[in-house]
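A short write-up of the structure that comes next.
Numbering (the UniProt record's numbering), first residue to last: 1 to 623.
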C-alpha cells in the first residue's frame, strides 16, 4: 500500500517540555489510525503539525503528491455572520470551488466555460452537493440550515465543521476528538459512516468503543516515543500489556547488572584504560536505562465518602418544558443509597436540565426534588472549570483540602492524591496556565473529588480526558462508597461504572432500565425486531376468497382448526404477560432481554398459526 503520510524523525518541545523526540511513522492507503497518549503528551499538537498549523524543531512531514486531506480541529472557526449552509460552501475543497466557477460562468452567460465545466460537475457529483451536505448535517442533528454561525453553541459549531470535512470526501481524514458533542445516536452513525468509507483516517479520540469499532491500527505516544499496533483498541490493550511486561523485565535485568557494575566502578581498575573507559560509558548507559521505571500504576483508592443517610432524594411528579419543548413530563423516582445511575439520551432531551433541577440550579415547572439532609453533592460539569491561571497546581487542590480521608486505607495528602490522578511531583508545581486543556480537566476533577462528597453528579466527565485518566477514574468510581449520577455519551465508561440507566427518549418520556448501556442496546435491538415483525403481520393483505369449488374440511383439519384458535389465544396471552413485565420497570436486564427474545418467537408463531388458520377458515367457509 502506498504511504499517504510519512513522518520522519519528528521532534517537538515547548520550552523545557519535550513532547516527542525523533518519532517516525507512516499512514498507508486504507489505514484507519487512532492516536493514544496521556493529556499533555502532544496528541493535538501532532495533528496540528501534520496539518501544517504548528511548527516543530526537526524532522519532516510529507504527504503523497496531490493527496486530498481534511482536518477537523477541536476549535473550528467560521465567520459568525455566515449561515450554516454558507459556511459549508465557504470552503477550499475541490467540489465547492468547481460549483463557484460554474455559477460564475452561468452568471456571465459564458457558454464555452459552462460546457468545459459540465463533465467535471458530473464527475464530482456536484449537482447534488447541497442535498448531500444537508443530509449529513441532519444526521448530526443540525436542521436549521439558515441559522447564523454566531448563534450556535460550541457543540453545534463542532458538528457543522465535522459535516463540512466529511462532505469534502478527503482521501486522508484527520480528526481531533470527533465524538465530543455527539450524542450516542450521532456517534454510532459516524462509526458506520467511517467504516463504510474507503478513506484513510488519523484521529485522536477518548471514545474506546469508537476506537475499537473504527480503527485497524493504533499509535501510542509514551515517554516521547511512538509505538505502533496493527489492530483495533482491544488488540492494542493486549499487546501494550505485553510490551510493558517486557520493558519491566528488561529494567529488572538492568538493575541486577547495574549492581554488579557499580561494584566494578568502585574498584575502578586503572589498567587497560581503553577497555575501562568503554565499560564506564556502558555503566552510565545502563544507569540511564534503570531510571525508565513505568509509572502507569493500577490505581485503586478505597475512598471513604462522608456519611450519607438512608434518604437520598425523591423526584416527585417533575415536569419541565422550555417554550413548546417538553423535556420532562410528570416524572417520579426514589433514589436509593449507594445507587450508581447513568443517564443517556439524544442531545436536547433534558439530561443536563434534570441534573441542574436536582442541584437546585433550575426550578421545575411542576413537582419537586426532596433531597436528604446528609447529602453532600460534588458536581462536575462542562462549564464549571474556573481556575486562577497564575496559581500552582498543588495550591489549587490545597485550597480545598490538605488531606483526603480514605477510611481504612488511611489518608492521602493533596500531593499524593494528585499523583494518583497522574500529576507527577514536578508537574504539581507548574502554573495552571502551562497545563494542556486535558490536564486542566483532570485538575478540575481532582478539585471535585477532594471535597469528599457523598453524592457525585457528573455531566459529560469524559470529554477531554485521556484514556489513562479514564481508566483511573473508572477504578475510583467502581470503589466509590457513595451515590453517583452520570450523564455521558461514553458507552465504554457507562458500561464500566453504572448499574442501571435512565433513558431520556424525548417528548418528556423517561424510561428506567435495569442494566448498563450494552444491555440497553441489545434490548433495544430486539425491540426493533419485534416491532418490525408486528408491522409485517399487521400489513399482510387478507387473502381473497377463492371462487373455485370448495372442498370439504377433513376430520383432521377440523380438529387442527379448533386447536389453532386455542393456541393463538394462549400465545397472545403469554405475549401480553411478557410485555407487562417489560413495561413494569422492575425487571432486570437479563429478564428484559430473555422476555424480548421470547416475544419475537411468539410473534413468529402467531404469524405462522394465523396463516394456517386463515387457510383452514377458507375451507370451512365453503362448507
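Where a beta carbon is used, it is the ideal one built from N, C-alpha and C, also for glycine.
None of these values were measured; they are calculated from a predicted model.
Looking at C-alpha atoms only, which residue of the options is the closest neighbour of residue i?
i, options, result
"residue 452", "466, 460, 481, 581", "481"
"residue 419", "147, 437, 401, 394", "394"
"residue 148", "86, 6, 27, 194", "86"
"residue 135", "163, 488, 610", "163"
"residue 76", "91, 62, 64, 63", "91"
"residue 509", "496, 428, 354", "354"
"residue 192", "619, 570, 139, 488", "139"
"residue 386", "440, 573, 471", "440"
"residue 307", "477, 529, 406", "406"
"residue 689", "445, 596, 561, 575", "Only positions 1 to 623 of the chain appear in this structure, which leaves residue 689 out of reach."
"residue 29", "197, 11, 601, 53", "197"
"residue 321", "204, 364, 487, 460", "364"
"residue 627", "444, 37, 45, 33", "Coverage of the chain is limited to positions 1 through 623, which leaves residue 627 absent and any answer about it impossible."
"residue 229", "347, 404, 25, 183", "25"
"residue 577", "588, 559, 602", "602"
"residue 559", "47, 620, 599", "620"
"residue 56", "33, 102, 20, 78", "20"
"residue 628", "461, 589, 157, 314", "Lying outside 1 to 623, the shown extent of the chain, residue 628 is not represented and no answer is given."
With C-beta atoms as the reference, is residue i less than 8 Å away from residue j?
i, j, result
"residue 312", "residue 372", "yes"
"residue 506", "residue 457", "no"
"residue 219", "residue 35", "yes"
"residue 39", "residue 436", "yes"
"residue 5", "residue 23", "no"
"residue 98", "residue 118", "no"
"residue 579", "residue 613", "no"
"residue 352", "residue 487", "yes"
"residue 309", "residue 374", "yes"
"residue 346", "residue 567", "no"
"residue 459", "residue 382", "yes"
"residue 152", "residue 160", "yes"
"residue 634", "residue 59", "What is shown of the chain runs 1 to 623, which leaves residue 634 out entirely."
"residue 596", "residue 582", "yes"
"residue 473", "residue 445", "yes"
"residue 492", "residue 213", "no"
"residue 145", "residue 157", "no"
"residue 624", "residue 205", "In the structure as shown, the chain starts at 1 and stops at 623, and residue 624 therefore has no counterpart that could be examined."
"residue 367", "residue 316", "yes"
"residue 429", "residue 392", "yes"
Can you tell me where the alpha helix (DSSP H) holding residue i begins and where it ends?
i, result
"residue 97", "94-107"
"residue 351", "351-358"
"residue 163", "154-167"
"residue 366", "Not the alpha helix (DSSP H): residue 366 falls in the beta strand (DSSP E), residues 366-371."
"residue 50", "43-51"
"residue 438", "437-449"
"residue 133", "129-139"
"residue 217", "Looking at the DSSP string, residue 217 is not in any alpha helix (DSSP H); the run it does join, the beta strand (DSSP E), is 217-222."
"residue 173", "First-last for residue 173: 172-176, but that is the beta strand (DSSP E), not the alpha helix (DSSP H)."
What distance in whole Å lies between the Cβ atoms of residue j and residue i, which are believed to be in contact at a cut-off of 8 Å?
i, j, result
"residue 504", "residue 343", "7 Å"
"residue 105", "residue 113", "4 Å"
"residue 390", "residue 431", "6 Å"
"residue 520", "residue 502", "11 Å between Cβ atoms; not a contact."
"residue 31", "residue 200", "5 Å"
"residue 469", "residue 421", "7 Å"
"residue 450", "residue 414", "7 Å"
How far does the beta strand (DSSP E) with residue i in it reach, from first residue to last?
i, result
"residue 22", "17-28"
"residue 8", "3-14"
"residue 341", "340-345"
"residue 333", "325-335"
"residue 397", "No beta strand (DSSP E) holds residue 397; the alpha helix (DSSP H) holding it covers 393-398."
"residue 315", "313-322"
"residue 422", "Neither: residue 422 is in no beta strand (DSSP E) and is coded neither H nor E."
"residue 385", "Premise fails: residue 385 is in no beta strand (DSSP E) and is neither H nor E."
"residue 413", "411-413"
"residue 32", "32-36"
"residue 229", "225-229"
Chain D beta carbons: is any one of them nearer than 8 Å to that of residue i?
i, result
"residue 504", "No chain D is part of this structure, which consists of one protein chain only."
- [ ] Pair every Cβ in the segment 171-180 with every Cβ in the segment 67-74, then say whether three or more of these pairs are closer than 8 Å.
- [x] Output reads yes: the segment 67-74 touches the segment 171-180.
TODO: May I ask you to verify whether the segment 379-399 touches the segment 338-345, counting CB pairs closer than 8 Å and requiring at least 3?
DONE: In short, these stretches do not touch, since the Cβ pair count stays below three.
- [ ] Could you tell me whether the segment 494-504 touches the segment 515-532, using the rule of 3 or more Cβ pairs below 8 Å?
- [x] With three or more CB-CB distances shorter than 8 Å, the segment 494-504 counts as touching the segment 515-532.
Task: Stretch pair the segment 208-228 + the segment 59-66: three plus CB contacts closer than 8 Å - done: Output reads no: the segment 59-66 does not touch the segment 208-228.
Open item on the list: For the pair the segment 222-241 and the segment 555-570, tell me if three or more CB-CB distances fall below 8 Å.
Closed with: No, the segment 222-241 does not touch the segment 555-570.
TODO: Answer yes if the segment 603-622 comes into contact with the segment 570-578, meaning at least three C-beta pairs across the two stretches below 8 Å, and no otherwise.
DONE: The segment 603-622 and the segment 570-578 touch, with three or more beta-carbon pairs separated by less than 8 Å.
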